[in-house]
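Q:
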Amino acid sequence: MSQILKGFEGPLFYLLLAAYVVATLLYWGGALGKKNGLSRAATWVAVAGLVINTVTIVVRMLIAHRPPLANGYEFILTFCWGIVAVYLFAEFRYRLRALGSFVLPVPALLLLFVEIAISPAERSSTVIMPALKSQWLTIHVATAMLAYGAFAVSFGLGVMYLLKERKMRAAARIGGPVPGDSGADERRAASPAESSMTGGLPDGSGLAAGVVEVNSGILARFPALEVLDELAYKVVAFGFPLLTLCIITGAVWANYTWGTYWSWDPKETWSLITWLVYAGYLHVRFTRGWKGRPAAWLAVLGFAAVLFTFFGVNYFLPGLHSYANPSG
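Position one of the sequence shown corresponds to residue 297 (my numbering), numbered consecutively onward.
1) Could you tell me the boundaries of the alpha helix (DSSP H) in which K530 lies?
2) Give a yes or no on whether the C-beta atoms belonging to V380 and L346 are separated by under 8 Å.
3) Are at least three pairs of beta-carbons, each pair with one atom in the stretch 448-455 and one in the stretch 542-554, less than 8 Å apart?
4) Output needed for V341: all residues of its chain with C-beta closer than 8 Å, excluding positions within five of it in sequence on either side, in chain order.
5) Look up I414 in the DSSP assignment and say whether it is helix, strand or coil.
6) Three-state secondary structure (DSSP) at R356?
7) I need the boundaries of the alpha helix (DSSP H) containing G598, first residue and last residue.
8) Less than 8 Å between C-beta atoms, sequence neighbours within five positions excluded: which residues of the same chain meet that for V351?
9) Roughly how many whole angstroms lie between the Cα atoms of L572 and K463?
10) For S567, which three-state DSSP category applies?
11) So, using beta-carbon positions, are E387 and G378 closer together than 8 Å?
12) Classify A417: buried if its beta carbon has 16 or more other beta carbons within 10 angstroms, exposed otherwise.
13) Between the Cα of P363 and the Cα atoms of T545, F536 and K429, which residue gives the shortest distance?
14) What are the boundary residues of the alpha helix (DSSP H) that includes S450?
15) Tell me where the alpha helix (DSSP H) around W377 begins and ends.
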């Protein structure tokens, strides 16, 4: 049975790669060309990709008789699944197809990395080391992948916010200087069409120019700034408890395996740094009212920390997690 299933792994991987690349291109085409048909097709290709992603993970589990958590290839499969699952929930819940242009490239690039950097032999199922034989590890990785998926979505929302806000401010300057741009200014009402997140843009011809300019291009498909900001907050608020649980279960697993809850391994250290970035995001939002541009930059910075925790540590900072590097 395992030998039969192994024959499906290669084709499934390439189908998955094709699905996420095609979905990305369709999302871009729909956004750039204002073609609703392309955007709808992108959604269903992404759904098909998630189904293929799920099947690929299940096939690996059946072949290996264990959760797919032993090497970089398996981690990337679960990472992609988490990103697309959280994204599709956000799209169907909030009707945000434009977000796909910024989120789907992430799993597409991850799988392209696998194709370029990880050989088929290195992707194959292997006997896992004793340290990986723990239910705590399963919970640890599952919560990490969902949290990272949420943070990828918040990254996309943050980029959308920054692009739209920058364009509005640049266009609004046609009519005169722009006042201060603090988080509070960004929540000041500007117009019913663009909500209250315009960075303190002035009334009059400048604002009108900004609204016309934003509504005439790709940014016309973006929600109001206030909506982007609020959704990014909700997604981070969803992912942060999962990241917290990930770190806690990782500590319990470490104590079970190595006899210590925390050893300042590079992966542990960078997981903590990532946690602190998102804790800071939530803290300053609650205590200082940070919204708008500062919050969007924190969402982008947080996902950069996620990517370094996931890849950079494995390449440049060897430690107890070195068995999980993307090359096997």
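All C-beta atoms in this analysis are idealised placements derived from N, C-alpha and C, irrespective of residue type, glycine included.
Owing to the predicted nature of the structure, the values given are computational and were not obtained by experimental measurement.
A: Considering the structure as presented:
1) L521 to W554
2) yes
3) no
4) A315, V318, A319 and L322
5) coil
6) helix
7) R589 to L603
8) L308
9) 31 Å
10) helix
11) no
12) exposed
13) K429
14) Q431 to A468
15) G368 to Y390
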